[in-house]
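All remarks here apply to the structure that follows.
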Amino acid sequence: MSDAYYEKIARINLTTGEIKAEPLDLELAKKFIGGRGLGTKILYDEGVATVDPLSPDNKLIYITGPMTGSNSPSSGRYMVVTKSPLTGMIACANSGGIWGAKLKFAGWDALIVEGQAPDWCYLNIVDDKIEILDAREYLHVLSEEMDDKLKAKHGADCSVLNIGPAGEKQVLLAAVMNDKDRAAGRSGTGAVMGSKKLKAIVVKATRKQLDVIADVEALKEANKACLKIMTDNPLTGAGLRALGTASLVNVINGIGALPTKNWQESYCPTADQFSGETLAEKYLVKPGACFHCPIACGRIIKHDDKVVGGPEYEPLWAYGSDCGNDDLYTIDEANRLCNEYGLDAIGVPCTIAAAMELYQRGFIKEEDCAGVPLEWGSKEALIEWTKRMGDPKTELDHLMASGSARLCEHYGHPEFSMSVKKQEIPAYDARAIQGIGINYATANCGAAHVRGYMIAPEVLGIPAQLDRTVTDEKAGWAKTFQDLTAAIDSMGTCLFTSFALGAPEYASLLNAATGTNYTPEELLEVGDRIFNIERMFNKAAGMKPEDDRLPKRLLTEPISNGPSKGMVSKLDITLPQYYAARGWVNAFPTDETLKKLGLDECVGK
Amino acid sequence: MIEVRFFSTLREGRGKITQVPAEEASTAGDLLYHFGIPAEEVAILLINGFHSTPADNVKDGDIISLFPPVGGG
Chain P
1 MSDAYYEKIA RINLTTGEIK AEPLDLELAK KFIGGRGLGT KILYDEGVAT VDPLSPDNKL
61 IYITGPMTGS NSPSSGRYMV VTKSPLTGMI ACANSGGIWG AKLKFAGWDA LIVEGQAPDW
121 CYLNIVDDKI EILDAREYLH VLSEEMDDKL KAKHGADCSV LNIGPAGEKQ VLLAAVMNDK
181 DRAAGRSGTG AVMGSKKLKA IVVKATRKQL DVIADVEALK EANKACLKIM TDNPLTGAGL
241 RALGTASLVN VINGIGALPT KNWQESYCPT ADQFSGETLA EKYLVKPGAC FHCPIACGRI
301 IKHDDKVVGG PEYEPLWAYG SDCGNDDLYT IDEANRLCNE YGLDAIGVPC TIAAAMELYQ
361 RGFIKEEDCA GVPLEWGSKE ALIEWTKRMG DPKTELDHLM ASGSARLCEH YGHPEFSMSV
421 KKQEIPAYDA RAIQGIGINY ATANCGAAHV RGYMIAPEVL GIPAQLDRTV TDEKAGWAKT
481 FQDLTAAIDS MGTCLFTSFA LGAPEYASLL NAATGTNYTP EELLEVGDRI FNIERMFNKA
541 AGMKPEDDRL PKRLLTEPIS NGPSKGMVSK LDITLPQYYA ARGWVNAFPT DETLKKLGLD
601 ECVGK
Chain B
1 MIEVRFFSTL REGRGKITQV PAEEASTAGD LLYHFGIPAE EVAILLINGF HSTPADNVKD
61 GDIISLFPPV GGG
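Residue numbers (the working numbering), protein chains in the order written: chain P, 1 to 605; chain B, 1 to 73.
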């Protein structure tokens with residue numbers, strides 16, 4: 001072995017208790033890189049697309065990439081790949097921390113969890129030994145306490161991944177948590193873990209570094225070159241460390257693209273009160289970094305008498321202006337609750353925002369709210385409804401815990417759910433930033449900003465400044481960003497490195513680590529292949545062309561206030577251009593496109 | 001008056017927001033000079049919410065927002 005893979009996958013059947021070590025198909029791994037790409041390919045081949053996501057038939061893959069655990073900058077990522085119970089399509093939730101690196105050090109490229117345990121259990125991994133242990137005593141334990149308890153039992157040098165009460169209750173917005181405050185947050189992967197009665201995975205490794213690199217010297221050189229680029233870059237070298245992703249609050253508000261009150265407005269006059277600047281001034285203790293990351297975008301904050309992981313840009317926005325709130329302490333607390341209950345800190349507050357609009361319009365009545373009315377900006381509502389969604393009891397608790405699409409559908413007003421493929425849209429108004437709307441509409445996991453972050457060129461000027469208000473050339477840019485992102489994710493490298501690095505640097509890292517000879521163009525083609533296998537998974541799962549859409553509000557209701565007043569999304573122009581760029585017809589790849597990408601097994605499907 | 005808004009590290013020693021008489025600046029670059037900010041330290045320069053450059057004209061009533069390199073996801 002000398003190719004950055006340990007060439008070993010654990011297949012764990014929780015129904016039977018059987019644990020098997022299987023060889024990694026190396027040719028397949030290199031064709032799909034690893035992580036997101038390989039995980040999706042395995043699920044596609046094993047027929048998971050057609051199963052009930054919360055049934056024992058679904059499979060839950062925890063997967064690393066070849067760079068995971070390496071000495072390359074920001075290379076500690078792992079992914080949870082499964083069929084999403086929220087969207088009914090592919091889920092790939094990506095997380096940092098150190099858990100993924102330790103799984104790799106233990107000698108596993110991936111874990112495939114199948115079936116359903118007879119009772120609550122957890123996995124204990126020590127190098128190549130995996131055991132299924134009794135977790136009944138940990139039921140209803142909050143995520144951080146669970147981490148402490150398992151470390152007390154298995155040693156401080158282990159790393160813990162777990163679900164909180166939300167995952168146990170199969171809440172569709174449940175996240176998988178690791179290392180206390182890192183989250184594989186989106187698409188309801190925590191609910192799938194809960195459906196299998198799997199509460200946690202503890203991993204401990206004797207190995208402290210990746211010792212299967214194809215060309216150690218070449219990787220050393222590539223690492224050095226990439227680290228220099230990242231250190232010299234003002235954003236990855238200093239900007240993200242200073243204010244974290246929270247620095248975006250004032251930028252996005254400044255251009256009039258900060259959705260406010262469930263996207264009824266797009267500019268919040270008091271946004272500075274929950275900005276990165278204010279977070280740093282009032283609560284920041286220090287920046288936080290994941291495994292081997294020089295960027296350190298994380299926020300470690302003081303909250304009451306505790307030091308905890310602080311909010312990123314997304315929850316600052318979602319619990320902030322999107323819910324009509326500008327109280328930062330409340331956002332910190334709500335974000336902490338999301339981590340403790342194991343909840344998606346985008347989906348939950350966005351669903352509360354949708355509920356607040358339903359309440360504003362009289363569809364949800366005060367008497368339905370069990371003493372906590374869903375009024376805009378109510379601090380009590382934000383805290384209490386987060387808890388209720390994390391451990392639902394009443395009918396409205398359960399409805400809200402199922403996400404905004406199901407909630408608004410229930411009240412007969414699906415138009416108030418700001419979601420795509422039933423997943424809530426992140427923090428950038430696609431009416432004011434034309435390219436990001438293409439990504440929201442077409443991301444295979446449902447609305448996401450990190451599947452093709454068009455905010456970089458359209459707002460941040462990286463790698464070039466595009467005019468955010470026009471549609472010209474956006475389809476091609478969106479495709480390229482999506483393809484490169486698919487490759488970076490699959491490598492196990494953090495997407496934030498792409499603020500400084502480009503395809504040539506990623507190709508140099510991957511080639512040195514795995515012994516491949518990808519050119520930058522070929523690496524993008526691998527990304528294209530990955531994006532297409534995800535799309536074919538979705539097609540098999542029943543996705544329809546009309547699922548590539550944006551909420552009506554973004555297409556027909558012009559922005560009502562702020563600098564971008566009057567704008568709407570022009571997806572009707574960009575979507576056909578995007579399909580043409582992809583070689584797709586009616587939302588799906590043609591057979592010719594599939595053959596070109598080496599996906600012959602999908603032809604005719 | 002022209003309103004100038006500072007963000008992130010550009011607030012250090014300058015505060016959050018200030019007003020400059022319109023006659024003191026004809027371009028955004030004049031404002032950067034006025035506040036002693038090298039152009040290369042400004043990653044995003046907005047005039048009334050739209051991306052602009054130091055060469056762009058400013059006028060009475062404009063809001064200028066100045067950001068160092070920031071980002072995230």
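Glycine included, each C-beta is placed from N, C-alpha and C at the ideal position.
All of these numbers come straight from a predicted model, not from anything done at the bench.
Check: Collapsed DSSP secondary structure at Ser187 (chain P) in the structure displayed; Outcome: coil
Check: Sub-8 angstroms separation of Tyr313 (chain P) and Val249 (chain P) beta-carbons; Outcome: yes
Check: Contacts of Asn250 (chain P) in chain B (Cβ-Cβ under 9 angstroms); Outcome: Arg5, Phe7, Ser8, Ser65, Phe67 and Val70
Check: Gln209 (chain P) burial status per 10 Å Cβ neighbour count (16 or more: buried); Outcome: exposed
Check: Distance between Gly347 (chain P) and Leu173 (chain P) (C-alpha atoms, nearest Å); Outcome: 6 angstroms
Check: Pick from B:Lys59, B:Pro54, B:Glu23 and B:Gly72 that is closest to Leu66 (chain B), judged by C-alpha positions; Outcome: B:Pro54
Check: Span of the beta strand (DSSP E), counted from its first residue to its last, around Pro287 (chain P); Outcome: Leu284 to Gly288
Check: Arg182 (chain P) in three-state terms, based on DSSP; Outcome: strand
Check: Min CB distance Ala43 (chain B) to chain P below 8 angstroms; Outcome: yes
Check: Trp584 (chain P) in three-state terms, based on DSSP; Outcome: strand
Check: Endpoints, the alpha helix (DSSP H) within which Ser490 (chain P) is located; Outcome: Lys474 to Met491
Check: Neighbour list for Ile559 (chain P) in chain B, Cβ cutoff strictly below 7 angstroms; Outcome: Correct list: empty, because the minimum Cβ distance to chain B is about 11 angstroms.
Check: Cβ neighbour criterion (16 or more within 10 Å) applied to Pro576 (chain P); Outcome: exposed
Check: Minimum C-alpha distance to Arg14 (chain B) - residue among B:Pro21, B:Val20 and B:Phe6; Outcome: B:Phe6
Check: Beta carbon proximity, Phe50 (chain B) to chain P, threshold 8 angstroms; Outcome: yes
Check: Contacts of Arg11 (chain B) in chain P (Cβ-Cβ under 8 angstroms); Outcome: Glu277
Check: Cα-Cα separation, Asn162 (chain P) to Val568 (chain P); Outcome: 41 angstroms
Check: Short Cβ contact (8 angstroms threshold) for Glu168 (chain P) with Gly194 (chain P); Outcome: yes
Check: Contacts that Thr607 (chain P) makes with chain B (C-beta to C-beta distance below 7 angstroms); Outcome: Since the first residue of chain P shown is 1 and the last is 605, residue 607 (chain P) is not available in this structure.
Check: Proximal residues to Phe499 (chain P) (C-beta, below 6 angstroms), its chain only, five neighbours per side dropped; Outcome: Leu235, Thr236 and Ile462
Check: Boundaries of the beta strand (DSSP E) in which Val308 (chain P) is found, first to last residue; Outcome: Lys306 to Gly309
Check: 8 angstroms Cβ cutoff met for Thr516 (chain P) and Leu509 (chain P); Outcome: no
Check: Contact with chain B by Ala430 (chain P), beta-carbon distance below 8 angstroms; Outcome: no
Check: CB contact flag (Thr68 (chain P), Arg77 (chain P), <8 angstroms); Outcome: yes
Check: Collapsed DSSP secondary structure at His303 (chain P) in the structure displayed; Outcome: strand
Check: Listed by chain order, chain B residues near Pro563 (chain P) by CB distance under 9 angstroms; Outcome: Leu46, Asn48, Gly49, Phe50 and Ile63
Check: Closest residue to Val203 (chain P) among P:Ile213, P:Leu227, P:Asn178 and P:Val192 (Cα-Cα distance); Outcome: P:Asn178
Check: Meets three-Cβ-pair contact criterion under 8 angstroms: the stretch 419-433 of chain P and the stretch 556-565 of chain P; Outcome: yes
Check: Chain B within 8 angstroms of Phe499 (chain P), Cβ atoms only; Outcome: yes
Check: Closer than 8 angstroms to chain B by CB, Ile63 (chain P); Outcome: no
Check: Which of helix, strand or coil DSSP assigns to Ala218 (chain P); Outcome: helix
Check: Anticipated Cβ contact below 8 angstroms, Asn444 (chain P) with Gly452 (chain P), distance rounded; Outcome: Not a contact, Cβ separation roughly 11 angstroms.
Check: Every unbroken beta strand (DSSP E) within the stretch 61-90 of chain P, with a cutoff of 3 residues, ordered by chain; Outcome: 78-83
Check: Top-ranked residue by Cα proximity to Ala405 (chain P), from P:Ser417, P:Arg553 and P:Val113; Outcome: P:Ser417
Check: Secondary structure of Asp591 (chain P), DSSP reduced to three states; Outcome: helix
Check: Boundaries of the alpha helix (DSSP H) in which Leu45 (chain B) is found, first to last residue; Outcome: No alpha helix (DSSP H) contains Leu45 (chain B), which is instead part of the beta strand (DSSP E) from Ile44 to Ile47.
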